[in-house]
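Numbering (the numbering used here), first residue to last: 2 to 334. By construction, the Cβ of each residue, glycine as well, lies at the ideal position given by its N, Cα and C atoms. On a predicted model such as this, the values are computed, not experimentally measured, just so you know. In what follows, a structure is listed as structure tokens, so that the remarks can point back to it.
Written out as structure tokens, the structure reads:
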């Protein structure tokens with residue numbers, strides 16, 4: 002999830018664990034703990050694109066990381082706050098829950114987390130977009146109200162509990178919506194007599210009303226979208242896999258690792274003599290029916306020093322294109 006959401010969750014957890022003893026400091030350090038796992042983004046400045054992508058939401062988003070580093074961070078915070086009645090164990094417990102709830106929340110997104118690192122299994126429920134106002138805003142309001150209450154106030158405890166209940170209930174509700182959307186896509190495929198071997202679904206950006214689907218149909222992937230406000234039937238658009246375009250590159254280590262990252266949901270395109278691997282799990286850059294640019298696309302460049310992989314950048318124009326078509330599509334076809 003986005004940084005603000007993780008800060009809000011971390012602050013709420015901190016308050017729930019230690020708010021009565023240390024007041025607003027619990028929210029402060031909870032928020033810090035909630036952001037620490039995302040420090041793995043520095044990998045992009047140190048490693049090549051493929052390695053940095055593999056590292057993202059890996060070790061720092063695991064149970065192992067939470068268990069190992071909670072006592073260390075807890076000791077540091079304890080040293081900085083010796084005047085507080087909280088013990089090293091108290092602060093370590095706060096840091097653990099701040100670190101651990103971060104990857105739990107991320108597991109509901111499309112990218113998911115390697116919660117059980119060093120095992121390669123990635124937990125991804127794909128039921129919530131990385132930015133979802135309906136999850137964050139009610140939670141944030143509860144925390145702001147807590148700031149103005151005394152640490153011993155009963156209302157303070159009730160507010161943090163309310164925030165956690167609302168946010169957790171919404172997460173559970175997204176799984177229900179995902180199941181409903183999946184059923185709609187399944188019915189449409191059956192109605193159209195389309196044979197397929199696999200399908201995954203995910204919410205469109207910023208909401209859980211509009212859902213997207215990828216369908217594996219032999220030599221092509223089908224993509225479709227469905228809003229709960231739709232009046233017309235679901236239509237499918239085919240994207241050729243073109244895996245054969247990789248040629249001998251299919252045996253290259255970086256290519257194999259990149260394919261593993263996409264979990265097999267990828268197409269290959271060739272533009273102006275350059276090859277691109279497109280990760281289908283995150284869809285297209287906009288909702289426009291003529292769009293052919295994927296949100297995550299990697300350019301393959303053969304050099305004398307070997308193959309290099311470059312993630313194609315996204316810019317403000319891409320965001321504007323997305324927003325221009327998104328809200329209209331959410332309201333139904």
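With contact defined as three or more Cβ pairs closer than 8 Å, the region 195-206 and the region 160-172 are not in contact. Under the three-state reduction of DSSP, residue 115 is assigned to coil, being neither helix nor strand. A residue is called buried once 16 or more other Cβ atoms fall within 10 Å of its Cβ, and residue 305, having fewer, is exposed.
Taking a cut-off of 8 Å on C-beta distances, the region 271-280 touches the region 289-301, as three or more cross pairs fall below it.
Residue 132 carries a coil assignment under DSSP once its states are collapsed to helix, strand and coil. Its Cα nearest to that of residue 244, the residue 260 stands out among 62, 260 and 116. Remark: C-beta atoms of residue 240 and residue 268 approach each other more closely than 8 Å. Using a Cβ distance threshold of 8 Å, residue 85 and residue 26 count as a contacting pair.
Note that the C-beta distance between residue 31 and residue 77 is not below 8 Å.
With 16 or more other Cβ atoms from the protein chains shown falling within 10 Å of its own Cβ, residue 63 counts as buried. Annotation for residue 41: 56, 57, 58, 59, 60, 61 and 62 place their beta carbon closer than 8 Å to its own, counting only its chain and skipping 5 residues before and after. The secondary-structure analysis by DSSP pairs residue 9 with nothing; it has no beta-bridge partner. Under the 10 Å beta carbon count, residue 215 is surrounded by 16 or more other beta carbons and is classified as buried. Taking 8 Å as the cut-off, the beta carbon of residue 197 is found closer than this to the beta carbon of residue 218. Take the alpha-carbon of residue 134 and the one of residue 263: they are about 27 Å apart. Secondary structure at residue 174: helix, using DSSP grouped into helix, strand and coil.
When Cβ pairs closer than 8 Å are counted between the two stretches, the region 175-188 is seen to touch the region 123-132, the count reaching three or more.
When DSSP states are grouped into helix, strand and coil, residue 187 belongs to the helix group.
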